[in-house]
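Trainee: Have a look at this one.
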Amino acid sequence: MKQAATPFTKLDNAPAYKRLALQITTLVMTGSLKHGDTLPTEAALCEQFGVNRSTVREGIRLLEETGLVRRSGGKRMSISRPTHEEVGDQLERAMVLHDVTFRELWETAMLLEPKTAHLAASHLQQEDLEALERNVLATENAVAEGRSLLELDLEFHNLIAKGVHNRVLLLSREPMSRLFYPTFDVVLSRVDKAGARLLTAHREILDALKSRSSEDAMQWMEKHIKDFRRGYEAAGLDLDASINPGTPMKAPGAGTGE
Numbered sequence: 062m063k064q065a066a067t068p069f070t071k072l073d074n075a076p077a078y079k080r081l082a083l084q085i086t087t088l089v090m091t092g093s094l095k096h097g098d099t100l101p102t103e104a105a106l107c108e109q110f111g112v113n114r115s116t117v118r119e120g121i122r123l124l125e126e127t128g129l130v131r132r133s134g135g136k137r138m139s140i141s142r143p144t145h146e147e148v149g150d151q152l153e154r155a156m157v158l159h160d161v162t163f164r165e166l167w168e169t170a171m172l173l174e175p176k177t178a179h180l181a182a183s184h185l186q187q188e189d190l191e192a193l194e195r196n197v198l199a200t201e202n203a204v205a206e207g208r209s210l211l212e213l214d215l216e217f218h219n220l221i222a223k224g225v226h227n228r229v230l231l232l233s234r235e236p237m238s239r240l241f242y243p244t245f246d247v248v249l250s251r252v253d254k255a256g257a258r259l260l261t262a263h264r265e266i267l268d269a270l271k272s273r274s275s276e277d278a279m280q281w282m283e284k285h286i287k288d289f290r291r292g293y294e295a296a297g298l299d300l301d302a303s304i305n306p307g308t309p310m311k312a313p314g315a316g317t318g319e
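Quick note on numbering: the sequence shown equals residues 62 to 319 in the numbering used here.
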């Protein structure tokens, strides 16, 4: 990795650590600092920015939280690309803080997931299809044994998205997927045959993907996402309640839906 040679300028306004982080972020976004570039030492950053060590450390900590810098080779920091998980963490927190509802997540899923399945039919590689086949087989066993389907359901949809091999799509759907699919875990425990209906949809979607039928894959995914909503309502959950990860809201006056 090469040493970053970009000069920094002294900071004038408080809070200095945020301005430090913003200046480095700007240099990354404009390409002056690139993935893999090593930042100057802490002492050199203090001198170039005209600040003390605590300001540099707070600024670097802020950049670490966003995934723009990482420690490499001990204590030296280098420019990095945020992972899908790091991007998802930030956007998931933002959605929760903005009181996003299941209805909003469902409407977004109705736009993204069918189109994703449509694209996947022509983009999936053989190893992607094999991974999906293993997932559906594991889901069949889980349904037969009465085990939780949550992780397998998440994996199924994520495998389809990854199989499109489009980074914009993966980054866009990450936070929605995190909040939308786990919410359905309550439905699986409250509504009879919810697991069997999920398995049927996954089988049909997989068959369409294997036959490279974009239209069938899209139509079955659309049916599947619509079924999510029906199951959510049947479980007595409120479509317009704010999403609280792990604690879906019961609809006013609703029972368990059993």
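Even glycine gets a Cβ: it sits at the ideal position worked out from N, Cα and C.
When you compare only the Cα positions, how much space is there between Arg-137 and Val-117?
Mentor: Computed Cα separation, rounded: 13 Å.
Trainee: Is it true that the stretch 110-129 meets the stretch 138-155, where meeting means three or more beta-carbon pairs spaced less than 8 Å apart?
Mentor: Touching, yes, given that three or more Cβ pairs across the two stretches are closer than 8 Å.
Trainee: Any heavy atom of the ligand HEM inside 7 Å of the beta-carbon of Leu-198?
Mentor: This structure lacks the ligand HEM; in fact it carries no ligand of any kind.
Trainee: Would you be able to state if there are at least three C-beta pairs under 8 Å between the stretch 288-298 and the stretch 245-252?
Mentor: Contact holds: three or more Cβ-Cβ distances are below 8 Å.
Trainee: Would you identify the three-state DSSP class for Val-197, choosing helix, strand or coil?
Mentor: It is helical.
Trainee: Does the distance from the C-beta atom of Asp-214 to that of Leu-259 stay below 8 Å?
Mentor: For Asp-214 and Leu-259, yes; Cβs fall inside 8 Å.
Trainee: Please name the residue, chosen from Arg-122, Gly-224, His-218, Leu-231, that lies closest to Leu-190 on a Cα-to-Cα basis.
Mentor: The shortest Cα separation from Leu-190 among Arg-122, Gly-224, His-218, Leu-231 belongs to Gly-224.
Trainee: Quick check: what's the CA-CA separation for Pro-309 versus Asn-196?
Mentor: Any answer about Pro-309 is weak, because its pLDDT of 45 lies below 50 and its placement is not dependable; what the coordinates show is given next. Whole-angstrom Cα-Cα distance: 26 Å.
Trainee: Using the rule of at least 16 other Cβ atoms within 10 Å of the residue's Cβ for burial, across every protein chain shown, is Ala-105 buried or exposed?
Mentor: The residue in question, Ala-105, is exposed, as its Cβ has fewer than 16 Cβ neighbours within 10 Å.
Trainee: Using CA atoms only, rank isn't needed, just tell me which of Gln-109, Thr-91, Arg-131 is closest to Gly-97.
Mentor: Nearest of Gln-109, Thr-91, Arg-131 to Gly-97, Cα basis: Arg-131.
Trainee: What does a CB cutoff of less than 7 Å around Ala-77 pick up in its chain, not counting 5 residues either side in sequence?
Mentor: Counting only Cβ-Cβ distances below 7 Å, and skipping sequence neighbours, we find Val-112, Thr-116.
Trainee: DSSP state of Val-130, grouped into three classes?
Mentor: Three-state DSSP puts Val-130 in a strand.
Trainee: At a cut of 8 Å, does the stretch 227-242 reach the stretch 201-216 through at least three beta carbon pairs?
Mentor: Taking 8 Å as the limit for Cβ pairs, the verdict is that the stretch 201-216 does touch the stretch 227-242.
Trainee: Tell me where the beta strand (DSSP E) around Asn-140 begins and ends.
Mentor: Per the sequence shown, residue 140 should be read as Ile rather than Asn. Ile-140 -> beta strand (DSSP E) spans 138-140.
Trainee: Should Gly-256 be labelled buried (16 or more other beta-carbon atoms within 10 Å of its own) or exposed?
Mentor: By the neighbour-count rule (16 or more Cβ atoms within 10 Å), Gly-256 is buried.
Trainee: Does the beta-carbon of Arg-234 have 16 or more other beta-carbons within 10 angstroms, so that it is buried, or is it exposed?
Mentor: Buried is the call here.
Trainee: Please state the DSSP three-state secondary structure of Thr-317.
Mentor: Reliability fails at Thr-317, whose pLDDT of 35 lies under 50, so the model's placement of it is uncertain and the value that follows must be treated cautiously. Three-state DSSP puts Thr-317 in coil, outside helix and strand.
Trainee: Answer yes or no: do Ala-199 and Ala-269 have a C-beta to C-beta separation smaller than 8 Å?
Mentor: Taking 8 Å as the Cβ cut-off, Ala-199 and Ala-269 do not qualify as a contacting pair.
Trainee: So, helix, strand or coil for Phe-91, using DSSP?
Mentor: Per the sequence presented here, residue 91 reads as Thr, with Phe not at that position. Of the three classes helix, strand and coil, the one that applies to Thr-91 here is coil, per DSSP.
Trainee: Alpha carbon to alpha carbon, what distance is there between Asn-202 and Val-229?
Mentor: Looking at the two C-alpha atoms, the distance is approximately 33 Å.
Trainee: Run through DSSP, which three-state label would Thr-261 get?
Mentor: DSSP places Thr-261 in helix when its eight states are reduced to three.
Trainee: By the DSSP assignment, the alpha helix (DSSP H) with Lys-223 in it spans what residues?
Mentor: Taken as a continuous stretch (DSSP letters only), the alpha helix (DSSP H) holding Lys-223 covers 211-224.
Trainee: Quick one: is His-159 buried, meaning 16 or more other Cβ sit within 10 Å of its Cβ, or exposed?
Mentor: Counting Cβ neighbours within 10 Å, His-159 comes out exposed, since fewer than 16 surround it.
Trainee: The alpha helix (DSSP H) that contains Leu-106, what's its start and end?
Mentor: Per DSSP, Leu-106 belongs to the alpha helix (DSSP H) from 103-110.
Trainee: Taking buried to mean at least 16 other C-beta atoms within 10 Å of its own C-beta, is Gly-120 buried or exposed?
Mentor: Buried: at least 16 other Cβ atoms inside 10 Å.
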